[in-house]
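Residue numbers (my numbering), protein chains in the order written: chain V, 776 to 1107; chain D, 2 to 377; chain Z, 13 to 255.
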Amino acid sequence: MILHPAVLSLMTMSLLAGIMVLLAGAVGVRILFSWNIKSGSELQLSLERQTYLVSTILAYTFVFQILSLFLYIYTADNLHGLFVGAMCAAGTLNVNEYGYPVLLLKIVNFLLAGTWLIVNYADTRGYDYPLIRAKYALLLLIAPLVLFEAYEQYRYFSGLHADIITSCCGALFSQDTRNISGDIAALPARPMAIAFFAAMTATLVSGHLFYWKGRGGWLFSAVSLVAFLVGVASLISFISLYIYELPTHHCPFCCLQEEYGYIGYALYATLLGGAVTGLGTGVLMPWRNRGSMKQVIPQLQRTLTLVTVILYLLFTLIVLYRIKFSALTLGW
Amino acid sequence: MNRTIERHKNILEFSLSSLLRRKTKNASLLAIYTLIVFAIASLLFFLSAMKREALLILKDAPDMVVQRMEAGRQDLVPLSYAKEIAALRGVREVKPRLWGYYYDSPSGGNLTVMTAEMPAGFIKIGSGVSRLRRATAADVIVLQSYDNEVPLMLEIEEVLPYESELAAADLVIMSELDFRKLFKFPQGHATDLALTVANPRELSTLAGKIVDKFPDARPILKSEMLRTYDSIFDWRGGMMLVMMIAAVLSFIIFAWDRATGLSAEERKEIGILKSIGWETSDVLLLKFWEGAVISLSAFFFGVIAAYVHVYFFSAPLFQPVLKGWSVLYPQFKLVPAVDTYQLGVLFFLTVAPYTFATIIPCWRAATIDPDAAMRS
Amino acid sequence: MNMISLTNISKSFHVGKASQFVAVNDVSLDIEPGKVTILKGPSGSGKTTLMTLIGCMARPTSGRIVLSGMRAAWMASEEPAGVEITSLPERFLNDIRRRTFGFVFQQFNLLKGISVLENVMLPAYPTGEDHREFAKRAGVLLEQFSIARHASSPVEWLSGGELQRVAIARALINDPSVIIADEPTAHLDTALSREFMTIVGTLKKAGKTILIASHDPIVFDSPLADRVVEMRDGVITSSGPKP
Ligand SMILES: Nc1ncnc2c1ncn2[C@@H]1O[C@H](COP(=O)(O)OP(=O)(O)OP(=O)(O)O)[C@@H](O)[C@H]1O
Ligand SMILES: [Mg+2]
């Protein structure tokens, strides 16, 4: 284990967040079993009070997740000097088999916590709290994942020993590597670019339809999720080439560094933000026309859709900007 | 939208006035919080400044150093090795180096002695040596040589510049002749060999070839040196940090205690707020703003104080602990090396635990029954 | 105008424990809009508890309370006006409470260390209204109760009668339609109690519904009282003639 300040802080904070979310999960279980909004019993009143605790915890966890995601990548990047073969975060994460799963878990937990907050927002605006059970069921999915993340992260950091030989972005995200990251990197630039712009256009169109006509909410949400995945794949497959201005450098992390003007933060922030709001739109669909939610959800979904479309558009604009002003030209 | 902003504005304003109303309590919290941020920030800044210094030295280090091992311990290298290694493909230059440590019994300091092209009888010394021996340029320094003959009398040609790096402070540079005299160093041998290569990418292949040829040789790559330096600093700093974490934990307990042990007065106030129409989430927001104001001010003041401590005063509070390896400790000014990453780590180490520690106490306070105010 | 109807309202504390206690027991009552209703009864008879239930501060253990003619922001337009507040979560109860009820407490419950003006504005902070708007209203109220010259002094400096008027001004800041006052004259001498009743008179004239719990004859024998409801041991013993 490496006693780096960031490593220690990431581990303590994940532990704290894990404990808090576990607490929230315990409240969730009690609510799933005993919630009865019609009752004025003391149990019900105390459960209602505890819902405030849960929303507070989740709100902080959400913020914590996004910060810890970037801190994690940044720390991996910072530690690369300790490992033979590591030139950036990609290599450090590859030092043992936990590095990438932790990254994935952090992203998933961020998306889930964000979705939960959206559902919570809608729910607390209906006087009968109609989403309460769904909301706490979702919480019971999040709690173990956050704990699991803390555990995996512990295993990752405790398995880090200086002098381990690893392979870095040059090898990992190279077209010749036969693994998932290599496969993504090997995706041919041209069809991938077409898929990317198609996905973004599809989001725009379905978002437009849903925003103005109120139709195709499911479609929009699904399309935005696909666009998120295509966006990430494109980042590795061809956008990175334009950022680094090298025909073979596919690393998804190097762009977070200063030498590329921190462009990675803008790219990931817009993409992740859009994914949360897009996902939230879909999750709210089943309650769209139910009772007290008629007043709340359609309006909320419109806002979410607008935010998704704007964030994805921003993402696309940044990409186009990079392509336009990149010294690299791919032959297509 | 407008209403949300107005609500935040109104409640933030009220939380500021609440904080001011309980001056003594909040001032003591702020003071302790700032102290914690100050301590951890000083440590982080200090470590990164030291690392930067170390890297600067290593930047000029040779691509590879070849040592010879004798029964697992480092021994002198025969110059014949140098010739043969120089003949290998890809090696641009091999320089035998002479250096060692000299224990200076009058002062109790350990000096690093190196050689350079210079006239015999003259030396250059680091600022630490100069301080220790109270000698400057043109003074004469006496060193006890190993063969118990007459001591060496060496005239100081130059004191190495003040702001030069960490390792220079205990440095003595002399001619090869004086060096061999001082240590009774055998002819035809060197301490180690410094290699420059044509293509740094082939360093490891080259290292393999050298070991093939001389099984008792130990090649050390520059990248390995960097790594060792890095991990030593992280380790030393890490140990300090573990202590700091203990401090943070006790601080969390303190914060928890402060937040839980709401005074009767505060409890009553929250009860009143709730009875006149404030809702649980409004009180939570109030508490959030109070916490944010305290945290951010503590962070701000702590970081500034640490910056001054480390970069203007060279971290006087840490020197004995962290650099304890020599009495010759340099008195140079550290060059500021602060980036957003460090600030992020710092934020994670201080503000985030505080925030998490206060969630439950704040929630407890916020869920006081609104009708409690009607019965007091 | 809002009529408040209570049907079979009960409130118990510590249910299922040895200390279980029924503070309000099966109370049914209609409170007329625009009138002054007095709750009267010995100590411990459940007046305060009943007022917290009506004022949306607490939820009854059983029974229904309906505010008829009331329209909440979150109600669908096709729903008939009128809100059943008994099964609403705190968030919504509070929303109604803020806009419908103003409270005057026995110990005034003003915050020490902040100014009179701030105390009066306090209930408006979380509503998200523009600060200037409610500051203007607070100024008018202070003027109306002739305490404007104390606006910036901390409440500790004020006399009992002035404190009472600050508390009333605070209850009115969000322009509620119902004023609930719990033993408002308990800490006042006869002259100040009469002055309080004069203020009640002006509020009544302004069309407010007023509910006062008191065992002070100055209050319940006042000609302003439209109806006196008597309680004992959590039940209504006499609900007085309907006005
Ligand atoms: N939170 C509570 N827990 C337990 N018992 C309570 C609680 N609140 C009120 N009670 C009990 O309910 C009964 C009614 O109290 P309440 O304050 O309503 O009476 P009241 O008529 O207002 O009396 P007073 O004239 O003294 O103000 C009392 O016996 C009181 O002890
Ligand atoms: Mg009472």
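Ideal Cβ positions, reconstructed from N, Cα and C, are used throughout, including at glycine.
- At a threshold of 7 Å, alanine 307 of chain D does not count as near ligand 2, since its beta carbon sits no closer than that to any of the ligand's heavy atoms.
- At a cut-off of 8 Å between beta-carbon atoms, proline 220 of chain D makes no contact with chain V.
- Residues of the same chain with a CB within less than 7 Å of the CB of threonine 368 of chain D, apart from the 5 flanking positions on each side, are Thr281 in chain order.
- Around phenylalanine 39 of chain D, the same chain offers Gly303, Ala306, Ala307 as residues with beta carbons nearer than 6 Å, after the five sequence neighbours per side are excluded.
- When Cβ-Cβ separations below 8 Å define contact, proline 780 of chain V makes contact with chain D.
- The alpha-carbon separation between leucine 21 of chain D and phenylalanine 146 of chain Z amounts to approximately 23 Å.
- If you look at glutamate 145 of chain Z, you'll find it in the alpha helix (DSSP H) that goes 143-156.
- The C-beta distance from glutamine 118 of chain Z to alanine 198 of chain Z rounds to 5 Å, short enough to meet the 8 Å contact threshold.
- Going by beta carbons, leucine 962 of chain V and alanine 1008 of chain V fall inside the 8 Å limit.
- Per the DSSP secondary-structure output, tryptophan 100 of chain D pairs in a beta bridge with D:Met115.
- Using a CB distance below 7 Å, the part of the region 20-48 of chain Z facing chain V consists of Val27, ordered along the chain.
- For arginine 110 of chain Z, not one C-beta of chain V is nearer than 8 Å to its own C-beta.
- Cβ proximity to chain Z below 9 Å picks out Glu266, Lys269, Glu270, Gly272, Ile273, Leu274, Lys275, Ser276, Ile277, Gly278, Trp279, Glu280 from the region 262-280 of chain D.
- The Cβ of leucine 204 of chain D sits no closer than 8 Å to any Cβ of chain V.
- According to the DSSP assignment, arginine 239 of chain Z belongs to the beta strand (DSSP E) that extends over 239-244.
- In this structure, arginine 206 of chain Z has its beta carbon at no less than 7 Å from each heavy atom of ligand 1.
- Per DSSP, the unbroken alpha helix (DSSP H) holding alanine 912 of chain V starts and ends at 907-933.
- Distances from the CB of alanine 293 of chain D to the heavy atoms of ligand 2 are all 7 Å or more.
- In the displayed model, histidine 190 of chain D falls within a strand according to three-state DSSP.
- At least 8 Å separates the CB of asparagine 811 of chain V from every CB of chain D.
- Remark: the shortest separation between the CB of glutamate 195 of chain Z and any heavy atom of ligand 2 falls under 7 Å.
- Contacts with chain V at 8 Å (Cβ-Cβ) include threonine 98 of chain Z.
- Judged by pairs of C-beta atoms under 8 Å, the region 77-97 of chain D does not touch the region 139-155 of chain D, as fewer than three such pairs exist.
- Cβ contact annotation for alanine 225 of chain Z (same chain, cutoff 7 Å, sequence separation greater than five): Leu51, Lys59, Thr60, Met63, Asp194, Glu195, in chain order.
- Taking CB atoms only, serine 816 of chain V has a neighbour in chain Z less than 8 Å away.
- Against chain Z, a Cβ distance below 9 Å from leucine 828 of chain V picks out nothing, because the smallest value is about 13 Å.
- Of the candidates V:Leu914, V:Lys813, V:Phe995, V:Leu868, V:Phe995 places its Cα closest to the Cα of glycine 1057 of chain V.
- CA-to-CA, the gap between threonine 1080 of chain V and glycine 991 of chain V works out to about 11 Å.
- For the C-beta of proline 101 of chain Z, not a single chain D residue is nearer than 7 Å; the gap to the nearest is close to 10 Å.
- Using a Cβ distance threshold of 8 Å, methionine 788 of chain V and serine 843 of chain V count as a contacting pair.
- For serine 784 of chain V, the nearest beta carbon of chain D is closer than 8 Å to its own beta carbon.
- Between threonine 192 of chain D and arginine 90 of chain D, the C-beta gap is not smaller than 8 Å, which leaves the two residues out of contact.
- Look at arginine 71 of chain Z: its C-beta is under 8 Å from a C-beta on chain V.
- At a cut-off of 8 Å between beta carbons, phenylalanine 104 of chain Z contacts chain V.
- In the same chain as alanine 925 of chain V, and ignoring 5 residues on each side of it, the C-beta atoms closer than 6 Å to its own belong to Ser789, Leu790, Gly793, in chain order.
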